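Data first, discussion second: the structure below is written as structure tokens.
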């Protein structure tokens with residue numbers, strides 16, 4: 001389910017957030033699915049429980065998951081991805097850097113679009 005790269009510059013809690021979101025996008029996790037408890041997930045990924053708790057709190061804030069007191073944490077049945085202006089700007093900035101790098105390694109616009117389509121297909125499957 002979740003693989004953590006200890007050598008990555010991305011903080012562990014962000015890796016957990018991204019992994020859960022990716023599993024939802026791929027259909028591995030479905031709305032209503034129960035997630036491991038903070039303690040269980042911290043043991044699974046060998047991370048501090050506070051780190052897992054931080055990831056869960058952020059996912060709850062984004063309404064991706066919901067915690068039912070005494071019952072556990074679940075993928076939200078009502079989650080609908082939404083655009084947040086600051087995240088959209090950060091994403092555009094990241095894409096801009098990637099496009100500039102792609103240009104300097106000799107990739108054309110069509111090559112970049114093909115790569116994006118291939119990655120999207122691998123993540124999302126054949127559905128559009």
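Numbering (UniProt numbering), first residue to last: 1 to 128. The C-beta atom is built at its ideal place from N, Cα and C for all residues, glycine as well. None of these values were measured; they are calculated from a predicted model.
*beta strand (DSSP E) segments (min. 3 residues) lying fully within the segment 53-99*: Taken in chain order, the unbroken stretches of beta strand (DSSP E) that lie wholly in the segment 53-99 and span 3 residues or more are 65-68 and 72-75.
_Buried versus exposed, by CB contacts within 10 Å (16 or more), residue 72_ = Only exposed fits residue 72, as fewer than 16 other CB atoms lie within 10 angstroms of its CB.
*Could you spell out the range, first to last residue, of the alpha helix (DSSP H) harbouring residue 44?*
38-44
*Shortest alpha-carbon distance to residue 69 belongs to which of 119, 37, 44 and 111?*
37
*By DSSP, does residue 132 sit in helix, in strand, or in coil?*
Residue 132 is absent from the structure shown; the chain starts at 1 and stops at 128.
*How about residue 104 and residue 31: are their beta carbons less than 8 Å apart?*
no
*How about residue 21 and residue 64: are their beta carbons less than 8 Å apart?*
A contact, by the Cβ cut-off of 8 Å.
*Okay, do the segment 40-54 and the segment 91-100 touch, 3+ Cβ pairs below 8 Å being the bar?*
With the rule of 3 Cβ pairs closer than 8 Å, the segment 40-54 does not count as touching the segment 91-100.
_Cα-Cα separation between residue 85 and residue 59, rounded to whole angstroms_ = 18 Å
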